[in-house]
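Numbering (my numbering), first residue to last: 6 to 205.
This is how it looks when you write it as structure tokens:
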């Protein structure tokens with residue numbers, strides 16, 4: 006049976022950090038100071054790997070913020086509530102499920118943020134399963150996390166399509182023999198998946 010694997014961030018769920026800060030009504034000074042979160046990469050990856058809690062990550066983040074700690078804490082702890090469903094992709098997900106495909110998710114997420122979005126979005130009920138980075142202490146684009154998903158559900162790479170918005174994640178899947186679709190803003194999912202033999 007054919008299967009389709011979906012990334013979550015920027016594929017089924019969207020989030021723009023600068024727009025989020027503007028939406029909160031933060032001044033330019035606050036936005037500039039809180040933008041340091043983009044440069045805090047190491048602790049984000051540790052949270053995604055499940056090697057650090059959000060509470061521990063928050064402490065590191067706040068240590069990077071000299072002035073606007075209250076605003077920073079709110080932004081850090083509430084961002085998952087402001088993420089939005091990407092309806093063209095969720096519409097394709099529903100069509101793929103209705104067509105009889107097995108559908109799975111494979112995504113890098115920290116524990117708390119994952120639990121929030123998993124409860125918020127109904128489309129998660131459509132999935133046959135999936136793997137989230139914090140659960141297995143592995144992250145994309147490392148080969149191990151793809152192999153974990155394939156092995157857990159007995160998926161054959163040649164019968165599996167992986168959809169992701171990042172080129173490095175796509176290339177990693179291709180090396181394992183998985184069919185891929187690099188999702189871009191102008192991608193027509195229905196047309197391009199059909200060309201790959203995974204039409205709905």
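Virtual Cβ for every residue (Gly too), placed ideally from N, Cα, C.
When the options are compared against residue i, the one with the closest alpha-carbon
i           : options           : result
residue 86  : 65, 35, 56, 22    : 22
residue 107 : 56, 92, 76, 167   : 167
residue 142 : 131, 53, 80       : 53
residue 18  : 161, 69, 193, 118 : 118
residue 5   : 79, 48, 105, 176  : Because the chain here runs from 6 to 205, residue 5 falls outside it and cannot be looked at.
residue 77  : 40, 47, 94        : 40
residue 65  : 187, 99, 179, 47  : 47
Simplified DSSP assignment, three categories, for residue i
i           : result
residue 70  : coil
residue 41  : helix
residue 136 : strand
residue 110 : strand
residue 55  : coil
residue 65  : helix
residue 8   : strand
residue 13  : coil
residue 168 : strand
Local Cβ density within 10 Å of residue i, reported as buried at 16 or more and exposed below that
i           : result
residue 113 : buried
residue 173 : exposed
residue 32  : exposed
residue 2   : Nothing in the structure corresponds to residue 2, since the chain is present only between 6 and 205.
residue 189 : exposed
residue 178 : buried
Continuous beta strand (DSSP E) stretch holding residue i: start and end
i           : result
residue 205 : Unbroken run through residue 205: none, as it is neither H nor E.
residue 4   : For residue 4 there is no data in the structure shown, the boundaries of the chain being 6 and 205.
Residue interval of the alpha helix (DSSP H) (run including residue i)
i           : result
residue 158 : 148 to 158
Whole-number beta carbon distance between residue j and residue i, since they are thought to touch under 8 Å
i          : j          : result
residue 82 : residue 63 : 7 Å
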